[in-house]
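J.: Below: one structure in structure tokens.
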Amino acid sequence: MGHPPNAKRLLVVRNDKLGDFMLAWPALATLKKASDALHVTVLVPRYTETVARACPWVDEVIVDPGSSADAQAQKALLTRVKAARFDALLTLFSTPRIGWLGWRAGIILRAAPATKWAQVFYNLRVRQRRSRSEKPEYRYNVELAEALLVRLGIALPATPAAPPFWPLDDTTRHASRTRLAAALEAPTDANADTMRLVVVHPGSGGSAVNLDLDQYAALIAQISQQQAPSSAPLGWLVSAGPGETENATALLAQLHERGIQAALFPPSASVVEFATLLAGADLMIAGSTGPLHVAGCLNIATAGFYPARRSATPLRWQTCNAASRRLAFSPPTTADERDMRAIDLDAAAQAISALLGR
Numbered sequence: 002m003g004h005p006p007n008a009k010r011l012l013v014v015r016n017d018k019l020g021d022f023m024l025a026w027p028a029l030a031t032l033k034k035a036s037d038a039l040h041v042t043v044l045v046p047r048y049t050e051t052v053a054r055a056c057p058w059v060d061e062v063i064v065d066p067g068s069s070a071d072a073q074a075q076k077a078l079l080t081r082v083k084a085a086r087f088d089a090l091l092t093l094f095s096t097p098r099i100g101w102l103g104w105r106a107g108i109i110l111r112a113a114p115a116t117k118w119a120q121v122f123y124n125l126r127v128r129q130r131r132s133r134s135e136k137p138e139y140r141y142n143v144e145l146a147e148a149l150l151v152r153l154g155i156a157l158p159a160t161p162a163a164p165p166f167w168p169l170d171d172t173t174r175h176a177s178r179t180r181l182a183a184a185l186e187a188p189t190d191a192n193a194d195t196m197r198l199v200v201v202h203p204g205s206g207g208s209a210v211n212l213d214l215d216q217y218a219a220l221i222a223q224i225s226q227q228q229a230p231s232s233a234p235l236g237w238l239v240s241a242g243p244g245e246t247e248n249a250t251a252l253l254a255q256l257h258e259r260g261i262q263a264a265l266f267p268p269s270a271s272v273v274e275f276a277t278l279l280a281g282a283d284l285m286i287a288g289s290t291g292p293l294h295v296a297g298c299l300n301i302a303t304a305g306f307y308p309a310r311r312s313a314t315p316l317r318w319q320t321c322n323a324a325s326r327r328l329a330f331s332p333p334t335t336a337d338e339r340d341m342r343a344i345d346l347d348a349a350a351q352a353i354s355a356l357l358g359r
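Terminal number for the sequence shown in the working numbering: 359, no gaps in between.
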């Protein structure tokens, strides 16, 4: 991506999980929307490299070898960052290693949340108190980007960046929709256009709690039963992350036993291919995982299941799609914060069914 020779060079860091990185896209969009004279490089782990390269708000990608990499790899990273001569560093999630990296690389302006002792490496510290979970994570990220823009003397965008933060053209979405419908043995364009395609991701990615398979099967059955006979037919696709195929297959078997039309989500060689296919769906149902937040960036409808833990509330980890396109469910305050069986599935099914009806 081209940029003016006098562009301000920014290094933005969000080097953890996929979902966390997707919630950085509104901040990246804010930076690029503010000025064409900003050259944005992101530092990400190998796992999210392909997604970062697909991000329309990113000019360049540097792969972080991670904290467990050997001294040679860390030195190579420092050399790369120093050679880029960045004007500013924006760390969306602060760690001592990255703060030390920015300081040693000689980046003059270094911005991060004013939390943890790692803030000593930064000279623009934004107090946010994220542990209180009073705002969505993506909003905290946008506030950091806005603080950096103010310090750089760049006016904030006249209109805020808005979803979709991963815009794909109608031709791409329609091709993906046709392929998803084909997985359900509904191959014609007419069927692809009239069906409502719902993707369910029962996995957890090893981090987020989620409904169990019996709950997902019961939820899907209830939603299917609540659709009026005149409604467009529902097509259910079950997706799986690495190592989660067995669970997806088990859920599929339960659905088939209930007479529900369902299929496995088509295999994807990368997260970018998965996202491109997902763009053809009408709704994603999942726990607070990477796939749910990919769906949010695509601005397709989402129904997320969250624990009631203060650091993982539906508000804190809200998807960044339009408010009218998202639902969130969690255990009541009277239940254990991780007791996903305490979630009222009847109420969830009614809300999701109503969203599909819209």
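Every residue, glycine too, gets a C-beta built ideally from N, C-alpha and C. If you're wondering where the values come from, they're calculated on a predicted model, not measured in any experiment.
Any idea what DSSP makes of residue 118, helix, strand or coil?
T.: Locating residue 118 in the sequence shown gives position 117, where the first residue counts as 1. Residue 118 falls in the helix class under three-state DSSP.
J.: To the nearest angstrom, how far is the alpha carbon of residue 259 from that of residue 135?
T.: Here residue 259 refers to the residue found at position 258 of the sequence shown. Here residue 135 refers to the residue found at position 134 of the sequence shown. Cα-Cα distance, rounded: 41 Å.
J.: If you count every other CB in all the chains shown that lies within 10 Å of the CB of residue 157, and 16 or more means buried, which is it?
T.: For the purposes of this step, residue 157 is taken as the residue at position 156 of the sequence shown. Exposed, because fewer than 16 other Cβ atoms sit within 10 Å of the Cβ of residue 157.
J.: With burial defined as no fewer than 16 other Cβ atoms inside 10 Å of the residue's Cβ, what is the status of residue 178: buried or exposed?
T.: The count along the sequence shown starts at 1 and reaches residue 178 at position 177. Residue 178 comes out buried.
J.: So is residue 290 buried or exposed if we call it buried at 16+ other beta carbons inside 10 Å?
T.: Counted from its first residue, the sequence shown places residue 290 at position 289. Classification of residue 290: buried, given that the 10 Å Cβ count is 16 or more.
J.: When you compare only the Cα positions, how much space is there between residue 105 and residue 86?
T.: If you number the sequence shown from 1, residue 105 lands on position 104. If you number the sequence shown from 1, residue 86 lands on position 85. Between residue 105 and residue 86, the C-alpha separation is close to 12 Å.
J.: Provide the residue span of the beta strand (DSSP E) that contains residue 286, from first to last.
T.: The residue labelled residue 286 in the question sits at position 285 within the sequence shown. Taken as a continuous stretch (DSSP letters only), the beta strand (DSSP E) holding residue 286 covers 284 to 288.
J.: When you compare only the Cα positions, how much space is there between residue 64 and residue 47?
T.: Along the sequence shown, one-based indexing puts residue 64 at 63. Along the sequence shown, one-based indexing puts residue 47 at 46. In a straight line, the C-alpha of residue 64 is about 6 Å away from that of residue 47.
J.: Ignoring anything shorter than 3 residues, give me the beta strand (DSSP E) runs that lie fully in the stretch 32 to 107, in order along the chain.
T.: For the stretch 32 to 107, whole beta strand (DSSP E) runs of length 3 or above, ordered along the chain, are 39 to 46, 61 to 65 and 89 to 92.
J.: Could you check if residue 168 is buried or exposed, using at least 16 other CB atoms within 10 Å of its CB as the buried criterion?
T.: One-based indexing of the sequence shown puts residue 168 at position 167. Its Cβ having fewer than 16 others within 10 Å, residue 168 is exposed.
J.: Measuring CB to CB, does residue 239 end up less than 9 Å from residue 202?
T.: Here the question's residue 239 lines up with position 238 in the sequence shown. Here the question's residue 202 lines up with position 201 in the sequence shown. Yes, the pair counts as a contact, with Cβ atoms nearer than the cut-off.
J.: Starting from residue 126 and walking both ways along the alpha helix (DSSP H), at which residues does that stretch end?
T.: Indexing the sequence shown from 1 puts residue 126 at position 125. Unbroken run through residue 126 is the beta strand (DSSP E), 125 to 127; no alpha helix (DSSP H).
J.: Taking the straight line between their C-alpha atoms, what separation do you get for residue 302 and residue 192?
T.: Position 301 of the sequence shown, counted from the first residue, corresponds to residue 302. Position 191 of the sequence shown, counted from the first residue, corresponds to residue 192. Distance between the alpha carbons of residue 302 and residue 192 is about 20 Å.
J.: So, under 8 Å CB-CB, residue 1 and residue 262 are touching, yes? Tell me the CB distance rounded to an integer number of Å.
T.: Look at the range of the chain in this structure, 2 to 359, and you will see that residue 1 is not part of it.
J.: Buried or exposed: where does residue 40 fall if 16 or more other Cβ atoms within 10 Å of its Cβ makes it buried?
T.: One-based indexing of the sequence shown puts residue 40 at position 39. Buried, because 16 or more other Cβ atoms sit within 10 Å of the Cβ of residue 40.
J.: Taking a contact to mean a Cβ-Cβ separation below 9 Å, would you say residue 220 touches residue 350 in this structure?
T.: The sequence position of residue 220 within the sequence shown is 219, counting from 1. The sequence position of residue 350 within the sequence shown is 349, counting from 1. Closer than 9 Å, so yes.
J.: Look at the alpha carbon of residue 331 and the alpha carbon of residue 225, and state the distance between them as a whole number of angstroms.
T.: Locating residue 331 in the sequence shown gives position 330, counting from the first residue. Locating residue 225 in the sequence shown gives position 224, counting from the first residue. Those two C-alpha atoms are separated by around 22 Å.
J.: Tell me which same chain residues have a C-beta within less than 7 Å of the C-beta of residue 54, skipping the five on either side of it?
T.: Taking the sequence shown and counting its residues from 1, the one referred to as residue 54 is at position 53. Cβ neighbours of residue 54 beyond the five flanking positions: 62.
J.: Contact between the stretch 338 to 346 and the stretch 300 to 315 is defined here as three or more beta-carbon pairs at a separation below 8 Å; is this criterion met?
T.: With a cut-off of 8 Å, the stretch 300 to 315 and the stretch 338 to 346 count as touching, because enough Cβ pairs lie within range.
J.: Specify the secondary structure class of residue 210 as computed by DSSP and reduced to three states.
T.: Sequence index remark: in the sequence shown, residue 210 carries index 209 (1-based). Reduced to three states, the DSSP call for residue 210 is coil.
J.: By how many angstroms is the C-alpha of residue 253 removed from the C-alpha of residue 30?
T.: Numbered from its first residue, the sequence shown carries residue 30 at position 29. Numbered from its first residue, the sequence shown carries residue 253 at position 252. Taking the straight line joining both Cα atoms gives about 37 Å.
J.: Say whether the stretch 204 to 215 touches the stretch 281 to 289, bearing in mind that this needs 3 or more beta-carbon pairs closer than 8 Å, one atom from each stretch.
T.: Yes: at least three Cβ pairs fall under 8 Å.
J.: Just the C-alpha distance for residue 306 and residue 315, rounded to the nearest angstrom, thanks.
T.: For the purposes of this step, residue 306 is identified with residue 305 of the sequence shown, where counting begins at 1. For the purposes of this step, residue 315 is identified with residue 314 of the sequence shown, where counting begins at 1. The alpha-carbon atoms of residue 306 and residue 315 are separated by roughly 8 Å.
J.: Any idea which residues DSSP pairs residue 111 with across the strands?
T.: Start at 1 with the first residue of the sequence shown, and residue 111 comes out as number 110. Residue 111 pairs with 90.
J.: Does the stretch 160 to 175 come within contact of the stretch 107 to 119, defined as at least 3 CB pairs closer than 8 Å?
T.: No: fewer than three Cβ pairs fall under 8 Å.
J.: Taking just the CA atoms, how far does residue 280 sit from residue 334?
T.: On the sequence shown, position 333 is the one that residue 334 refers to. On the sequence shown, position 279 is the one that residue 280 refers to. C-alpha separation (whole angstroms): 34 Å.
J.: Apart from the five residues on each side of it in sequence, which residues of its chain come closer than 7 Å, Cβ to Cβ, to residue 228?
T.: The sequence position of residue 228 within the sequence shown is 227, counting from 1. 235 and 354.
J.: Within its chain, find whatever has a CB closer than 6 Å to the CB of residue 18; leave out the 5 residues flanking it on each side and keep chain order.
T.: To locate residue 18, count along the sequence shown from 1; it is residue 17. Closer than 6 Å at Cβ, skipping near neighbours: no residue.
J.: Please state the DSSP three-state secondary structure of residue 324.
T.: The residue labelled residue 324 in the question sits at position 323 within the sequence shown. Here residue 324 sits in helix by DSSP.
J.: Could you pull out every residue in the same chain whose Cβ sits closer than 8 Å to the Cβ of residue 26, ignoring the five residues on either side in sequence?
T.: Position 25 of the sequence shown, counting from 1, holds the residue named residue 26. Closer than 8 Å at Cβ, skipping near neighbours: 56, 58, 139, 166, 167, 298 and 321.
J.: Any heavy atom of the ligand NAD inside 8 Å of the beta-carbon of residue 247?
T.: The ligand NAD is not part of the structure shown, which contains no ligands of any sort.
J.: I think residue 264 touches residue 204, with their Cβ atoms under 8 Å apart; what is that distance to the nearest whole Å?
T.: Locating residue 264 in the sequence shown gives position 263, counting from the first residue. Locating residue 204 in the sequence shown gives position 203, counting from the first residue. The Cβ separation is near 17 Å, so there is no contact.
J.: Taking only three categories from DSSP, how would you classify residue 12?
T.: Counting from one through the sequence shown, the residue named residue 12 turns up at place 11. Residue 12 falls in the strand class under three-state DSSP.
J.: List the DSSP bridge partners of residue 303.
T.: On the sequence shown, position 302 is the one that residue 303 refers to. Note: residue 303 sits in a beta bridge opposite 285 and 327.
J.: Could you check what DSSP says for residue 263 in three-state terms: helix, strand or coil?
T.: As a first step, residue 263 must be located in the sequence shown, where it is residue number 262. Note: residue 263 maps to strand in three-state DSSP.
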